[in-house]
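Student: In the working numbering, the protein residues as written are -12 to 884. Heads up, the beta-carbon is just placed ideally off N, CA and C, and yes, glycines get one too. Values in this document were obtained by computation on a predicted structure and should not be read as measured data.
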């Protein structure tokens, strides 16, 4: 093995050694052959990478590898690209210079694949060195563009395109040694290429300029008229790629520079409408994005109104499945086909959040397949229905009726598109549809049993879009009967033999559950029987959606689920699955989430299942903590999602079992594991850990005891201004947990009080930029700290009293607000003069209650207000009252002032 051969050679006039070249070629040949031993090849490449001139060999092969196959030369180039990313900066300067100088002559290589690889390497290298580090590149690109040789022009444009794609702003800088910014030199040349007879040059130049719409350098701004005129010509280009880029330009312009398009809007809209019917689906898809973009930037909707009679039929006809849609092939799959790994799309678990707004992500779209013209058209119709409301119905309804009337088998795709249209306009046109909904729903119900699976699945989705109406109609005549028909229809479809239909029915059922809540109780037994029957036959992908439907059911009916006859139906199969899945199986995630909802719903009723679930969660967290430092010993690769889901399930258990969880916590090492998670570097782990800290503080704070101060320090650290900026949800949970702890441990919280209060004050005094939940939690925690340690907080109250009272006004009546007002009263008692300058704000906060349920607190508030009335005297009190709204003064009367 002649490794020495690779390392020799003077770099200034560097020449490869024949033997070294041969060896590297052999490895690259093996690297690109399909059934080679990649692990061994990787080791060999790592070995070569230790020689300082290994990358010289790679660039030599790419640039001068005559006689070698293009595939080997390309492989050398791609390997070089990755090496440059990792190590260019630390290479010897002679190698850096050699690589740069070898790449430039190849910009116009005769072979397109080599040209393209060279362009890719150049753009990566350019990102590392910038314009100033490689002036020669611009001279070379400039010469190629002016050469009139197609290979050279195309190679240069390809390299420029790749640079613009990654770092467009880098070409718009002043460079010592260049008389003009690079983009100012390239822009006129690229605009000229709009008229080139070569489609490749038209496409690359348009693609480059489009990358500048967002950053808008003056070079483009000054040439805007020429650019727009070019677009009007190219929209009719014979090349579909070019037409697609024209539509993409107009979509981007309407999104980020609507004022530029405004004078041309009518013309552009007309051309986009034509492009929306293009014979090339990708062009039509790009054009179709325009409608949503137009409405999203709040352009005056009147500009679109005159186009609606032609636009709506276009959208509806584009919603019909095309013969090559992937979904058609998928729809043939019945439930006996096992899922492939690529069918399981990555799932994202949202960590627990304590506060007023639990953000629900609204995932209506059946994200089974890629975005396509059909989905984009349905989204466009949805947006238009929200902007124009019922005005679209006179055009749309005849089309829907006409398509639904076609009952022959050949027209099933048109019928399906009509049902999709009804679903798409569910939000925007609800007022106009309202009188017709009973008949419409009655028409849809039989379609749940249609012989075409994709009609069955779309009908599930469309009915779910009208869930609110279906549940509201329960009080009307026939409403209950209709509700039952839909409920039973969806349950039948959950047991469909077709996987697509199962999925759509399960998702639709979960949406209906959220709306129906306690209305499901009379049907619980039959619902659970159907869901568990499905549980026995679903493949992995749909099991995830089934878990979601089961968890949503638990959230919807709550404690009603806690009856032996129900538990016997659904708990044994879930526990069997729980025992069968190993600790490293990601299919545990949705099951953990499902158990979280069930534990919260069953409350103490979950205690018979609690111990194995609790122990498993602890072992999941332990395994992952170990995997982080030593995957081999843990027997698993680290994945923080296991920790997050396990922490959230422990929170659900704590919430459900209350004090009943104490014996489990006492026998475990949860305390130490939890502290580790509270200081984890991953924000979502900290977020869930702090939620659990708050939950445990409520029910058994005694078990935090030996490490209490460490927990408090970890939580307080999340509230610094920088931490709040970096991870607001983590700060939110930390704030809530500190408040819960304060109530339980009293004076023991005093060491952190000042540092926490000093972090809460900026949150309360600059509420504009923060989320509502954090402000409410900050106000409550500040109150709880004041109640427990008034002597520490009261001296500082002038700094925050007004902002704090403003925040208290926003909080709805509940026990947390009571705690905060106990704090307010304790502070005023400790330092009455501290609040005088904020008295009007204190009065507003007191008036924000509908009623204080606790008699003791009511009396405390009365005492404080009456105390101030005496302290100020009649005139001073009147003066204060005159600054308040009459309604506020009226509400204060209940406190006897």
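So what's residue 321 in DSSP terms, helix, strand or just coil?
Tutor: It is a strand residue.
Student: Name the DSSP bridge partner or partners of residue 837?
Tutor: The partner list for residue 837 (beta bridge, DSSP) is empty, contrary to what the question assumes.
Student: Could you tell me which uninterrupted alpha helix (DSSP H) segments, each at least 4 residues in length, are contained entirely in the stretch 21 to 82, listed from first to last along the chain?
Tutor: Here the runs fully enclosed are 25 to 35, 41 to 51 and 57 to 74.
Student: Quick one: Cα of residue 880 to Cα of residue 518, how far?
Tutor: One C-alpha to the other measures close to 55 angstroms.
Student: Work out the CA separation of residue 876 and residue 288 for me, nearest whole Å.
Tutor: Approximately 45 angstroms between the Cα atoms of the pair.
Student: If you run the structure through DSSP and keep just helix, strand and coil, what is residue 373?
Tutor: Looking at residue 373 - three-state DSSP - the assignment turns out to be helix.
Student: What separation, rounded to the nearest whole angstrom, lies between the Cα atoms of residue 636 and residue 752?
Tutor: Their Cα atoms are separated by approximately 35 angstroms.
Student: Straight-line CA distance for residue 299 to residue 365?
Tutor: Answer to the nearest angstrom: the Cα atoms are 10 angstroms apart.
Student: Where DSSP assigns a beta bridge to residue 485, which residues make up the other side?
Tutor: Partner(s): 321.
Student: What does a CB cutoff of less than 8 angstroms around residue 346 pick up in its chain, not counting 5 residues either side in sequence?
Tutor: Because residue 346 carries a pLDDT of 40, less than 50, the predicted location of this residue cannot be relied on, and no value is offered for it.
Student: So residue 404 packs on residue 488, CB below 8 angstroms; how close in whole Å?
Tutor: Their Cβ separation, rounded to whole angstroms, is 17 angstroms, which puts residue 404 and residue 488 out of contact at 8 angstroms.
Student: Just how far apart, CA to CA, sit residue 717 and residue 47?
Tutor: Rounded to whole angstroms, residue 717 to residue 47 spans 52 angstroms at the Cα level.
Student: CA-CA distance, residue 556 and residue 505?
Tutor: Between residue 556 and residue 505, the C-alpha separation is close to 19 angstroms.
Student: If you draw a straight line from the alpha carbon of residue 657 to that of residue 675, how long is it in whole angstroms?
Tutor: Answer to the nearest angstrom: the Cα atoms are 14 angstroms apart.
Student: Can you list, in chain order, the stretches of the alpha helix (DSSP H) that have 4 or more residues and sit fully within the stretch 234 to 278?
Tutor: Counting whole runs of 4 or more residues, the stretch 234 to 278 contains the alpha helix (DSSP H) stretches 245 to 248 and 252 to 262.
Student: Quick one, which of 704, 691, 711 and 65 has its alpha-carbon nearest residue 757's?
Tutor: Among 704, 691, 711 and 65, the Cα nearest to that of residue 757 is on 711.
Student: Going by DSSP, what residue range makes up the alpha helix (DSSP H) through residue 107?
Tutor: Taken as a continuous stretch (DSSP letters only), the alpha helix (DSSP H) holding residue 107 covers 99 to 116.
Student: Does the stretch 216 to 234 come within contact of the stretch 189 to 205, defined as at least 3 CB pairs closer than 8 angstroms?
Tutor: Touching, yes, given that three or more Cβ pairs across the two stretches are closer than 8 angstroms.
Student: Quick one: is residue 461 buried, meaning 16 or more other Cβ sit within 10 Å of its Cβ, or exposed?
Tutor: Residue 461 should be labelled exposed.
Student: Please state whether DSSP places residue 856 in a helix, a strand or coil.
Tutor: Helix, per DSSP.
Student: Look at the Cβ atom of residue 508, then the Cβ atom of residue 468, and state whether they are nearer than 7 angstroms.
Tutor: Their beta carbons are not under 7 angstroms apart, which means residue 508 does not touch residue 468 by this criterion.
Student: Would you call residue 115 buried or exposed, if buried means 16 or more other Cβ atoms sit within 10 Å of its Cβ?
Tutor: Looking at its Cβ environment, which holds fewer than 16 other Cβ atoms inside 10 Å, residue 115 is exposed.
Student: Taking 7 angstroms as the threshold (C-beta atoms), are residue 822 and residue 867 in contact?
Tutor: Going by C-beta atoms, residue 867 is not nearer than 7 angstroms to residue 822.
Student: With DSSP as the reference, label residue 447 as helix, strand or coil.
Tutor: DSSP places residue 447 in helix when its eight states are reduced to three.
Student: Give the single residue among 748, 741 and 677 whose Cα lies nearest to the Cα of residue 714.
Tutor: Of the listed residues, the one whose Cα sits closest to residue 714 is 677.
Student: Below 8 angstroms on the Cβ atoms is my contact criterion, and I expect residue 679 with residue 661 to pass it. Report the Cβ-Cβ distance as a whole number of Å.
Tutor: Sure, about 6 angstroms apart at Cβ, within 8 angstroms.
Student: Look at the alpha carbon of residue 899 and the alpha carbon of residue 781, and state the distance between them as a whole number of angstroms.
Tutor: As shown, the chain starts at -12 and ends at 884. That puts residue 899 outside it, with no answer to give.
Student: To the nearest angstrom, how far is it from the Cα of residue 785 to the Cα of residue 585?
Tutor: Cα-Cα distance, rounded: 46 angstroms.
Student: Leaving out five residues on either side along the sequence, give the residues of the same chain with a beta carbon under 8 angstroms from the beta carbon of residue 175.
Tutor: Once the five neighbours on either side are set aside, the close Cβ partners of residue 175 are 210.
Student: Count the other C-beta atoms from every protein chain shown that fall within 10 angstroms of the C-beta of residue 70, then say buried if there are 16 or more, exposed otherwise.
Tutor: By the neighbour-count rule (16 or more Cβ atoms within 10 Å), residue 70 is buried.
Student: Nearest to residue 630 by alpha carbon, out of 669, 406, 142 and 706?
Tutor: When each option's Cα is compared against that of residue 630, the closest is 669.
Student: Where does residue 120 fall in DSSP's three states?
Tutor: In the structure shown, residue 120 sits in coil (DSSP, three-state: anything other than H, G, I, E or B).
Student: Between the Cα of residue 182 and the Cα atoms of 216, 199 and 158, which residue gives the shortest distance?
Tutor: Comparing Cα positions, the closest option is 216.
Student: Can the beta-carbon of residue 747 be found closer than 7 angstroms to that of residue 769?
Tutor: Contact flag set, yes.
Student: Among 293, 510 and 522, which residue has its Cα nearest to the Cα of residue 552?
Tutor: The shortest C-alpha separation from residue 552 is found at 510.
Student: Give a yes or no on contact between the stretch 419 to 428 and the stretch 446 to 466, applying the rule of three or more CB pairs nearer than 8 angstroms.
Tutor: Yes: at least three Cβ pairs fall under 8 angstroms.
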